[in-house]
Every structure is written in structure tokens, then in C-alpha cells.
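Undergrad: This note's numbering puts the first residue of the sequence shown at 24, with every later residue one more than the last. Virtual Cβ for every residue (Gly too), placed ideally from N, Cα, C.
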Amino acid sequence: MGGAVSELRGEIHTHVLIVQHYPLFLEPVLAAVQYFLHTAELGEGTDRDNPLEEISMDVVISDKRVLEEASTEVELLSEHSAVTEALLHAVRNYRKLELSPDLDTFRQWYDPPWRKNKPFPKFVIVPPDEVPRFRIAILRTSIRCLRLMMFCQEGRKQLEEWDGPAVLNHAAIENPLDDFVKNDVKAIFSAVYGGGNAVRRIIISNIPTVVEMMKENHDSAIVQLAGVRRICSLLADVQARQCSPSRTSQQEEQGNRKVADPVEIERLALFAELDTFAVSTLVTNTLNRFDVGKYLSLYVHVCRFISFVATEERHAKLVGQTGGIEGSIRLLFKAREMQREKKASERAEADRLAKLAKCPESAGWLGYLETKKAPPPPPVDASGQATSLEALASVDFTPTEIGQQALWALDLLAALDYNVSMMKLHRLKYLLEEIRLDPEGNELGGILILTRRLRLIRWDQVGAPSPEKTKHKKHS
């Protein structure tokens with residue numbers, strides 16, 4: 024057994040060297056990835072009567088017996104980090120692979136006298152007109168081999184070390200209609216980011232994957248928050264590049280020339296994805312399932328999302344019909360409540376310090392308590408994502424910033440008459456009046472920027488029939 028394992032290690036290393044010396048030649052890379060896949064499929068744990076497509080990867084990776092009984096072939100492939108690197112190289116550069124030249128200078132280097140019984144592998148003869156088909160074959164073969172290697176803990180570790188998730192995610196984006204690639208990449212992500220690590224997959228994903236993860240984790244507020252933040256990040260990135268000074272100067276230089284703007288094309292493509300996957304409805308519906316007190320962070324980022332998409336009339340209509348107005352008003356109520364609590368705590372703290380100042384003997388104890396006060400635990404991890412349900416109730420924004428975010432969202436939604444009617448139904452008029460006419464200055468009225476559109480709403484005329492319709496009824 025030991026000799027067979029050593030021989031297999033040598034064969035694996037030989038094919039790794041093939042990829043390293045022929046990085047952009049199609050036939051050598053094809054021979055290497057086919058060998059890796061064939062070796063993984065020959066493992067003694069492979070059940071020919073139960074194809075891989077019928078095995079739930081979420082079930083497999085949670086069954087410790089499967090991991091303990093991983094095949095020797097898969098373990099040998101996984102322990103060699105260069106195998107994972109070679110497979111990811113094939114996935115990353117499969118479109119760049121070209122036919123190898125007729126003169127092969129490396130062939131005799133791989134055929135020393137002591138290996139005459141196992142010569143250099145024969146390459147597949149690829150016709151020039153079938154190069155695209157064989158490139159796709161390399162892509163599918165490499166991803167399938169990586170999927171088999173995910174049954175081993177070392178394989179998942181190597182994939183993360185070589186930035187495999189980002190490479191696979193890019194391959195899935197490039198081939199949205201390829202079910203082989205899509206299913207295998209999904210299974211690999213389930214193995215690497217399964218269970219509570221779904222947030223890590225969302226951070227590097229595009230709109231379709233984010234929507235898929237949000238739907239699969241419908242009741243997880245942490246996953247919903249991560250999805251909303253990722254979508255907002257994509258929208259903010261496009262908006263920032265649209266408003267960059269360099270782009271403005273380029274537009275001035277172009278003048279009246281009709282040149283397609285790549286940033287505008289990207290923005291239109293992003294909004295087309297929002298329409299295709301019903302993102303506005305999906306994101307806004309989260310406000311109907313979660314309470315604003317316990318999930319304040321989620322409300323803030325959903326209102327931020329509304330501020331991005333409500334500039335388009337169709338999205339403003341969808342948001343208004345699926346609970347965006349009620350959620351924004353609830354967030355504004357919460358901001359007012361937080362401002363009241365903040366003012367009350369400031370007054371209580373001032374009274375306490377005044378009482379302590381009257382007792383000089385208590386000054387030493389006060390300083391000791393301040394120095395020994397333990398800092399609160401961080402509510403988020405290093406990447407800024409919430410790590411617990413308790414973290415969703417705390418945000419880094421002040422009550423003023425939270426209230427202003429809600430007002431920005433309501434201002435954009437107020438462009439439609441239906442949305443204004445919903446605002447009147449949910450008592451926005453009285454809330455704005457209470458904030459503006461606060462006698463003690465405890466509310467947000469002196470700080471918030473109330474937009475012109477909201478100030479000019481004639482609440483008494485909202486929902487009333489138009490004068491033209493009234494005259495028509497009288498004449499009839």
C-alpha cells in the first residue's frame with residue numbers, strides 16, 4: 024500500500040509540473056485536469072450507483088463519517104496545495120488557452136530512463152475549430168474535481184487559501200446558463216460556506232447569488248442584513264464612479280459626440296438585474312418580518328437601499344406597495360424615541376455628576392469606576408458584518424443620522440401620489456409636526472433636514488377627488 028501511495032503522489036506531482044510548464048497550452052492543461060478528476064473519481068469511497076448530482080452536499084459535509092472515510096485519492100489530491108492551484112489556474116484562464124506548438128521541448132525532461140514503463144501522457148488531439156468546446160470541457164472538469172475535493176477538510180482549507188471562492192464565483196457569473204458549472208459551484212460554496220457562514224459567500228457575490236442566499240435563509244436576519252449591505256455596496260460603487268471628477272471631465276471633453284458611457288451601461292445592467300430578480304420587493308419585504316427595535320441595523324440599511332433605487336419610478340412604486348413607507352416611518356419613530364432617551368440620559372448623567380461634585384470624598388471612587396469600566400463587546404466582526412442577533416439592535420449611527428436616512432427615503436417615495444396617500448394613512452403628517460413643534464428641543468426638529476417635497480405636501484388634499492372630476496360629476 025505504501026508503494027502505491029508513493030507512486031500516486033509521484034503521478035500527481037508530475038501532472039502538477041505539466042500545468043506549471045504549460046500554463047497556457049490547451050492540450051497539456053486538459054490532460055492534467057482530466058487526470059486529477061479521474062484520480063478523484065477512482066477513490067474507494069465513490070458509489071457508482073449514486074451519482075454525485077443526487078447527493079446533497081449540505082448533508083454530506085455535515086456527516087462526520089463521510090469525512091472520516093474520505094478516499095485516499097482525494098486526500099492525496101487535497102494535501103498537495105499545487106493541485107488546487109493548478110485547478111484554479113485552469114478555471115481562471117480557460118478562455119486564454121491556445122493549441123500547443125508542434126515542437127515540444129519539455130517531453131524528454133519528463134521521460135527519464137527509470138520511468139520508461141510510464142511515459143509522458145498522450146495529449147488529446149484538438150481540432151482548431153473545436154477549441155472553444157474543449158475550453159469549456161477544461162472549465163467543467165476542473166470545477167468538478169474541486170467539488171470532489173471538498174469532501175476533505177484539507178481541500179476546503181486549500182481552496183480558501185488560494186482565493187478559490189472568488190475565482191469560482193467569477194466563473195459562475197461568466198457562464199450563467201451553464202447548469203454544470205452553476206450546480207458544481209453552488210455545491211462547492213455550500214461546502215466551504217455552509218451553515219452559519221452564508222454571510223461570507225454573500226460578501227463576494229453578485230446580485231443573483233445574493234438573492235438566492237437571501238431566499239434560502241428567509242428567516243435569518245443576519246443573512247438578510249448581509250444581503251442588503253452587499254446590494255447597497257454594488258449600487259454605491261456604480262454611483263460613486265458616476266459622480267467621480269475624472270468621469271465628469273471626460274464627459275466635458277467628449278462634448279456632443281455620441282459615445283457609449285461604460286459606467287452608465289453598467290448601471291443599467293445592474294438595475295436590469297434588480298428588475299429580473301425582483302430585488303426591490305425582496306428587500307423591502309424584510310421590513311414586514313422584523314421588528315425595528317430588535318433589528319434596527321436592518322431597517323437602516325433597507326432605507327439606504329430605498330434611497331438608491333427609488334430614483335427610478337418603477338422601483339419607488341414597488342417599494343411603496345411592499346411596505347417601504349411603513350418601514351421608513353417606523354424607523355423615523357424609532358429615531359425620535361432614541362433622541363428622547365439620549366436627552367433623558369444626558370440630563371440624568373448631568374444630575375449625577377452634579378451630586379457627586381457636592382461630595383468631594385466621592386471623587387476618587389468616581390475616577391476608579393471610570394477607569395475600571397469594561398468596554399462593550401464589538402457587535403460586528405473584522406469585515407463589519409453582524410455576528411449575533413443582539414448586534415442587529417445596535418448601530419454606529421446617531422439618532423439624527425437614522426432619522427435623516429428615513430427622511431431621504433420618504434422624500435424619494437413621495438414623488439408618487441399613491442405613496443403620499445400611504446404616508447397620510449400611517450400618520451407621517453403628525454409625526455413631522457411633533458418633531459417640528461417640539462417645545463423643549465428634545466426632538467429632531469432642530470437638526471433634521473426636512474426636504475422641500477415633504478414640506479409642500481398639502482395633507483388636506485391628499486386622497487380628495489380632483490376638481491375636474493368634481494365638475495364633471497355636477498354637470499352630468
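May I have the straight-line CA-CA distance separating A214 from D314, to the nearest angstrom?
TA: Here the question's residue 214 lines up with position 191 in the sequence shown. Here the question's residue 314 lines up with position 291 in the sequence shown. If you take the alpha carbons of A214 and D314, they lie about 32 Å apart.
Undergrad: Let me check one thing: in DSSP terms, what residues is E121 bridge-paired to?
TA: Against the sequence shown, residue 121 aligns to sequence position 98. E121 is bridged to F48.
Undergrad: Quick check on the DSSP output: what are the complete alpha helix (DSSP H) runs of length 4 or more inside the segment 282-354, in order along the chain?
TA: Runs of the alpha helix (DSSP H) inside the segment 282-354: 285-299, 302-312, 319-332 and 336-344.
Undergrad: Straight-line CA distance for L49 to P188?
TA: By one-based count along the sequence shown, residue 49 stands at place 26. By one-based count along the sequence shown, residue 188 stands at place 165. Near 24 Å, if we compare the C-alpha coordinates of P188 and L49.
Undergrad: Sorted by chain position, which residues of the same chain lie with C-beta nearer than 8 Å to V233's C-beta, five sequence neighbours on each side aside?
TA: Within the sequence shown, numbered from 1, the residue matching residue 233 stands at position 210. So the list reads I225, G250, R253 and I254, once near-sequence residues are dropped.
Undergrad: Taking all protein chains shown into account, decide if Y453 is buried (16 or more other Cβ within 10 angstroms of its Cβ) or exposed.
TA: If you number the sequence shown from 1, residue 453 lands on position 430. Y453 is exposed by the Cβ-count criterion.
Undergrad: Determine whether the beta carbon atoms of K317 and L248 lie at a separation below 8 Å.
TA: What you label residue 317 is simply residue 294 of the sequence shown in a count that begins at 1. What you label residue 248 is simply residue 225 of the sequence shown in a count that begins at 1. No, Cβ-Cβ distance for K317 and L248 is not below 8 Å.
Undergrad: Write down the C-beta distance between S351 and L433 rounded to the nearest angstrom, noting that I regard them as a contact closer than 8 Å.
TA: Taking the first residue of the sequence shown as 1, we reach residue 351 at position 328. Taking the first residue of the sequence shown as 1, we reach residue 433 at position 410. So it is a contact: roughly 5 Å between Cβ atoms.
Undergrad: Use the C-beta contact count for W137: other C-beta atoms within 10 angstroms, 16 or more gives buried, fewer gives exposed.
TA: Against the sequence shown, residue 137 aligns to sequence position 114. Annotation note: pLDDT 45 at W137 (below 50); position unreliable, coordinate value reported separately. The residue in question, W137, is exposed, as its Cβ has fewer than 16 Cβ neighbours within 10 Å.
Undergrad: Report the three-state DSSP secondary structure of R450 (helix, strand or coil).
TA: Position 427 of the sequence shown, counted from the start, is the residue given in the question as residue 450. It is coil, neither helix nor strand.
Undergrad: Which residues in the same chain have their Cβ closer than 6 Å to the Cβ of G178, if we skip the five residues on either side of it in sequence?
TA: The residue given as residue 178 occupies position 155 in the sequence shown. S101 and M172, listed in sequence order.
Undergrad: Quick one: grab the DSSP three-state call for P151.
TA: Counted from its first residue, the sequence shown places residue 151 at position 128. Three-state result, P151: helix.
Undergrad: With a CB to CB cut of under 6 Å and the five nearest residues on each side skipped, what residues in its chain are close to S243?
TA: Looking up residue 243 in the sequence shown gives position 220. The answer is none, since no qualifying residue turns up.
Undergrad: Would G343 pass as a contact of L439 if the rule is Cβ separation under 8 Å?
TA: Walking along the sequence shown from the start, residue 343 turns up at place 320. Walking along the sequence shown from the start, residue 439 turns up at place 416. Going by C-beta atoms, G343 is nearer than 8 Å to L439.
Undergrad: So, helix, strand or coil for K209, using DSSP?
TA: In the sequence shown, the residue the question calls residue 209 occupies position 186. The answer is helix: DSSP assigns K209 an H, G or I state.
Undergrad: Name the residue from I329, L435 and V114 whose alpha carbon lies nearest to the alpha carbon of R167.
TA: Counting from one through the sequence shown, the residue named residue 167 turns up at place 144. Out of I329, L435 and V114, V114 has the C-alpha closest to the C-alpha of R167.
Undergrad: Report the option in L435, F157, I458 and N442 whose CA atom is closest to the CA atom of T423.
TA: Counting from one through the sequence shown, the residue named residue 423 turns up at place 400. When only C-alpha atoms are compared, the closest one is I458.
Undergrad: What is the DSSP secondary structure of A216, counted as helix, strand or coil?
TA: As a first step, residue 216 must be located in the sequence shown, where it is residue number 193. The amino acid occupying residue 216 in the given sequence is Tyr; Ala does not appear at that position. In this structure, Y216 counts as coil in the three-state DSSP scheme.
Undergrad: Got a sec? Which residues, its chain only, sit under 8 Å from V418 by beta carbon, not counting five neighbours each side?
TA: Residue numbering aside, residue 418 sits at position 395 when the sequence shown is read from its first letter. Counting only Cβ-Cβ distances below 8 Å, and skipping sequence neighbours, we find L319, S320, V323 and I425.
Undergrad: Beta-carbon separation of V332 and I161 under 8 Å?
TA: Taking the sequence shown and counting its residues from 1, the one referred to as residue 332 is at position 309. Taking the sequence shown and counting its residues from 1, the one referred to as residue 161 is at position 138. No; because the gap between Cβ atoms is not below 8 Å, this pair is not in contact.
Undergrad: Note down the Cα distance separating M361 from L111, rounded to an integer number of angstroms.
TA: Position 338 of the sequence shown, counting from 1, holds the residue named residue 361. Position 88 of the sequence shown, counting from 1, holds the residue named residue 111. Their Cα atoms are separated by approximately 50 Å.
Undergrad: Whose C-alpha, out of N198, Q427 and H241, is nearest the C-alpha of L471?
TA: Translated into the one-based positions of the sequence shown, residue 471 becomes position 448. The shortest C-alpha separation from L471 is found at Q427.
Undergrad: I'd like to know whether the C-beta atoms of I35 and L120 end up nearer to each other than 8 Å.
TA: Here residue 35 is taken as the residue at index 12 of the sequence shown, counted from 1. Here residue 120 is taken as the residue at index 97 of the sequence shown, counted from 1. The answer is no: Cβ separation not under 8 Å.
Undergrad: Taking all protein chains shown into account, do 16 or more other C-beta atoms lie within 10 angstroms of the C-beta of D207, making it buried, or fewer, making it exposed?
TA: For this step, residue 207 is matched to residue 184 along the sequence shown. Buried, since its Cβ has 16 or more Cβ neighbours within 10 Å.
Undergrad: Buried or exposed: I148, going by 16 or more other Cβ atoms within 10 Å of its Cβ?
TA: Sequence index remark: in the sequence shown, residue 148 carries index 125 (1-based). By the 10 Å Cβ count, I148 comes out exposed.
Undergrad: Using a 10 Å radius around the Cβ and a threshold of 16 neighbouring Cβ atoms, would you call Q181 buried or exposed?
TA: On the sequence shown, residue 181 is found 158 positions in, with the first residue counted as 1. Q181 comes out buried.
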